[in-house]
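Trainee:
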Amino acid sequence: MAYDLIVIGGGPAGYVGAIRAAQLGKKVACVEMDRAGGTCLNWGCLPTKSLLKNAELYHLLKHKADEFGLSFDNLSYDWGKVIGRSRKVSDRLAGGIEFLFRKANVDYFNGEASLLAPNKVSVKDADGNVAEYDADKILVSTGCVSRPFPGFPFNGTTVIGSKEAMVLAEQPKEMVIIGAGAIGVEFAYFFNAFGTKVTIVEMMPNILPVEDEEVSQTVQKSFIKDGIRVLTNTKVTGTQETAAGVEITVEGESTEVLKADVALIAIGVQPVLPKGMELETDRGYLVTNDQYQTSSPGIYAAGDIIGPPWLAHVASWEAIQCVEGLFTDHQPKKVEVFPGCTYCQPQVASVGLTERAAKEQGIAYKVGHFPFQASGKAQAVGESTGFVKLLFGEEYGEVIGAHIVGSEATEMIAELGLAITLEATKDDLEATIHAHPTLSEAVHEAASQAYGHAIHIPN
Numbered sequence: 011m012a013y014d015l016i017v018i019g020g021g022p023a024g025y026v027g028a029i030r031a032a033q034l035g036k037k038v039a040c041v042e043m044d045r046a047g048g049t050c051l052n053w054g055c056l057p058t059k060s061l062l063k064n065a066e067l068y069h070l071l072k073h074k075a076d077e078f079g080l081s082f083d084n085l086s087y088d089w090g091k092v093i094g095r096s097r098k099v100s101d102r103l104a105g106g107i108e109f110l111f112r113k114a115n116v117d118y119f120n121g122e123a124s125l126l127a128p129n130k131v132s133v134k135d136a137d138g139n140v141a142e143y144d145a146d147k148i149l150v151s152t153g154c155v156s157r158p159f160p161g162f163p164f165n166g167t168t169v170i171g172s173k174e175a176m177v178l179a180e181q182p183k184e185m186v187i188i189g190a191g192a193i194g195v196e197f198a199y200f201f202n203a204f205g206t207k208v209t210i211v212e213m214m215p216n217i218l219p220v221e222d223e224e225v226s227q228t229v230q231k232s233f234i235k236d237g238i239r240v241l242t243n244t245k246v247t248g249t250q251e252t253a254a255g256v257e258i259t260v261e262g263e264s265t266e267v268l269k270a271d272v273a274l275i276a277i278g279v280q281p282v283l284p285k286g287m288e289l290e291t292d293r294g295y296l297v298t299n300d301q302y303q304t305s306s307p308g309i310y311a312a313g314d315i316i317g318p319p320w321l322a323h324v325a326s327w328e329a330i331q332c333v334e335g336l337f338t339d340h341q342p343k344k345v346e347v348f349p350g351c352t353y354c355q356p357q358v359a360s361v362g363l364t365e366r367a368a369k370e371q372g373i374a375y376k377v378g379h380f381p382f383q384a385s386g387k388a389q390a391v392g393e394s395t396g397f398v399k400l401l402f403g404e405e406y407g408e409v410i411g412a413h414i415v416g417s418e419a420t421e422m423i424a425e426l427g428l429a430i431t432l433e434a435t436k437d438d439l440e441a442t443i444h445a446h447p448t449l450s451e452a453v454h455e456a457a458s459q460a461y462g463h464a465i466h467i468p469n
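According to the numbering used here, the residues represented by the sequence shown are 11 to 469, in order.
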C-alpha cells in the first residue's frame, strides 16, 4: 500500500503532523510502538498533571484548611487511587487520539517501524508479523526517553526515570531526585505533598536553572518551607544500590551520603532514533534543514528527535510547519518564541528572554515587576506567593521576555507569548483592559510598574 506520508511516532509531533496532512487531503499512516499520544500523553505531560492536581488538593486540605474555615477528621489518601486516576486520564486521552485518527482517515499501525529506504517503511507488530509500505514522504517523530545517570542504570524499582515514578505501586518513604529541571521539580513537589521525604540534587546554582534566577529562588524557598531538602551547586560523585534502596554520594558545601528507598533520575532525555537507515545526527539528534528535511531527501523529522527545546507544544508546532511546507506553498519556520512551563506549586511559566540572556546579547531593557501579594484575586484565593516580571526593550518598549511564578502561571503565559509574537509594547499591554478581579491583572500592573505608572504598588 502506498501513502503520501508515513509518520513514524505517534506523539505530539507525530499525531498532529499526521492529522494535519490528512486535513490537506493526503493519504496518511502513523506508526506508533506504544500507544497513540506518545510519551507526552501516556507517560509525561498529561498523566503528571493529573498526579500534580491530586498533590495540590491534598496539600491544600492538609495545610490550609483552617484558613478557609474547613475542618475534618482523619484526612487520608489512597495511593492506588491517586496513581489509578492518572492512568485513567491517559487511557481516555489515548483513546481520543485514536478516534481523531479514524475521523481524519489516518491509518494507524501499532508496531515498530524501520526505515528501509527514503520511500519505504516496514512495520513489525506485537506478533512479529512484518509488513512493508511505500510513501512519497516520511516524517520521523520518534521522540526521546529519560537519560540514565552514568554508571547507575535504571532498574525500574530503586533507580527509576519519570515513567516508573508515575506508577510506583508503593509510595517511597524517602527519595533522592537527581536533577532539578522541570521534571525533577514537579516530582519533588508531588511526592513531598504526600509525605515522602524528598532531597533534590542539582549541580547548577539554582533549581530550574534555565528560568529567571529570581523565579528559581522563589520556588526554592517555597520548597524548603514545605520540607523539601534542596542541594544546589552539588555534584553526584558516587552511586550504589543497596538492600535497602540506594546510596548517593554528593559533594557540595560538604561531602555526604544520601540514603533513600528510591533514586529518581531527572537529568534530561536522550533521542530514540528510528531503526533502519542511518541519518546524519548531531549529539544523537537528527539534523534537519530549514524544511525539516534530514540528510536523506524524502525523510523529514520534527519534535524532540531533532533536539531542544524538548516540549510537546513545540513538537506539534514543528510538525505542522513541516507538513504544511511539504504539501502547500507555506514556507516552514523554525521555532524561536515558545513558552516553558513547570507545574509544581507555585507554578512557573516563561517566554522570551531572561535578564541573563538580555545582558549576554547586549540588549538594553526595562523591568516591570508586580507581586501577587498585591493582587486582590491572589489574596482572595489564598495564593499570594510569586510575581509577574516583564522585560521591555528600552528603545521601543516592546515585550522581550516574561516570567511568572505563582498560581495559574502556566495559564497566564499565553497572553505574553502573543505579545512577543505581535511585537506588542508596554503601551499595548497598558491599553488592554484586564478583567477585575483576575490574576492576569498582574500583567497589566507589571507593565505599568516598569514605567512608573503602577497603581497598586509604589513605583
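Beta carbons: idealized from backbone N, C-alpha and C, even for Gly.
Should the segment 208 to 216 be regarded as contacting the segment 229 to 247, the criterion being three or more beta carbon pairs within less than 8 angstroms?
Mentor: The segment 208 to 216 is in contact with the segment 229 to 247.
Trainee: Quick test of your reading: Leu400 and Ala457, contact by CB under 8 angstroms. State the CB separation rounded to the nearest angstrom.
Mentor: Yes, they are in contact, since the Cβ atoms of Leu400 and Ala457 sit about 6 angstroms apart, within 8 angstroms.
Trainee: Nearest CA to the CA of Ala31: which residue from Asp236, Val333, Ala445?
Mentor: Selected option, being the one with the closest Cα: Val333.
Trainee: Give the C-beta separation of Leu289 and Ile309 to the nearest angstrom, bearing in mind that I take them to be a contact with Cβ-Cβ under 8 angstroms.
Mentor: Yes, they are in contact, since the Cβ atoms of Leu289 and Ile309 sit about 7 angstroms apart, within 8 angstroms.
Trainee: Quick one, which of Pro160, Ser100, Arg112 has its alpha-carbon nearest Gln33's?
Mentor: Cα-wise, what sits closest to Gln33 is Arg112.
Trainee: Please look up how many angstroms separate the CB atoms of Asn202 and Asp236, rounded, as I've assumed it's under 8 angstroms.
Mentor: Right, the Cβ-Cβ distance comes to about 6 angstroms (below 8 angstroms), so this counts as a contact.
Trainee: Relative to the ligand MG, is the shortest distance from any of its heavy atoms to the C-beta of Gln181 smaller than 6 angstroms?
Mentor: Judged by which ligands are present, the structure shown has none, so any question about the ligand MG falls away.
Trainee: Quick check for students: name the residue ranges of the alpha helix (DSSP H) that lie wholly in the segment 400 to 439, counting only runs of 4 or more.
Mentor: Fully enclosed alpha helix (DSSP H) runs of 4 or longer: 419 to 431.
Trainee: My guess is that Ala312 and Ala23 are in contact by the Cβ rule of under 8 angstroms, so how many angstroms apart are they, rounded?
Mentor: That belief holds up - the Cβ atoms of Ala312 and Ala23 are roughly 5 angstroms apart, short of 8 angstroms.
Trainee: Do Ala39 and Asp88 have their C-beta atoms within less than 7 angstroms of each other?
Mentor: No, the Cβ-Cβ distance between Ala39 and Asp88 is not below 7 angstroms.
Trainee: Identify, in the order they occur along the chain, each residue of the same chain with its Cβ nearer than 8 angstroms to the Cβ of Pro356, setting aside the five sequence neighbours on each side.
Mentor: Within the same chain, Pro356 has close Cβ partners Thr228, Val229, Ser232, Glu393, Thr395, Gly396, Val415, Gly416, Ser417, Ala419.
Trainee: Should Ile316 go down as buried or exposed, given a rule of 16 or more other Cβ atoms within 10 Å for buried?
Mentor: By the neighbour-count rule (16 or more Cβ atoms within 10 Å), Ile316 is buried.
Trainee: Just how far apart, CA to CA, sit Thr167 and Ile275?
Mentor: Rounded to the nearest angstrom, the two C-alpha atoms are 12 angstroms apart.
Trainee: Verify whether the separation of the beta carbon atoms of Gly171 and Phe164 is less than 7 angstroms.
Mentor: In contact: Gly171 and Phe164 (Cβ atoms closer than 7 angstroms).
Trainee: Do the CB positions of Leu426 and Val361 come within less than 7 angstroms of each other?
Mentor: Yes, the pair counts as a contact, with Cβ atoms nearer than the cut-off.
Trainee: Check whether the segment 324 to 344 and the segment 363 to 379 are in contact - that is, three or more C-beta pairs closer than 8 angstroms.
Mentor: With a cut-off of 8 angstroms, the segment 363 to 379 and the segment 324 to 344 do not count as touching, because too few Cβ pairs lie within range.
Trainee: Provide the residue(s) that pair with Asp117 in DSSP beta bridges, ordered along the chain.
Mentor: DSSP lists Ala39 as partners of Asp117.
Trainee: Could you compute how far the alpha carbon of Met422 sits from the alpha carbon of Gln301?
Mentor: One C-alpha to the other measures close to 32 angstroms.
Trainee: Answer yes or no: do Glu408 and Glu433 have a C-beta to C-beta separation smaller than 7 angstroms?
Mentor: Yes, the pair counts as a contact, with Cβ atoms nearer than the cut-off.
Trainee: Looking only at its chain, what residues have a beta carbon closer than 7 angstroms to the beta carbon of Arg157, apart from the 5 residues adjacent to it on each side?
Mentor: Counting only Cβ-Cβ distances below 7 angstroms, and skipping sequence neighbours, we find Ile277, Gly278, Val279, Gln280.
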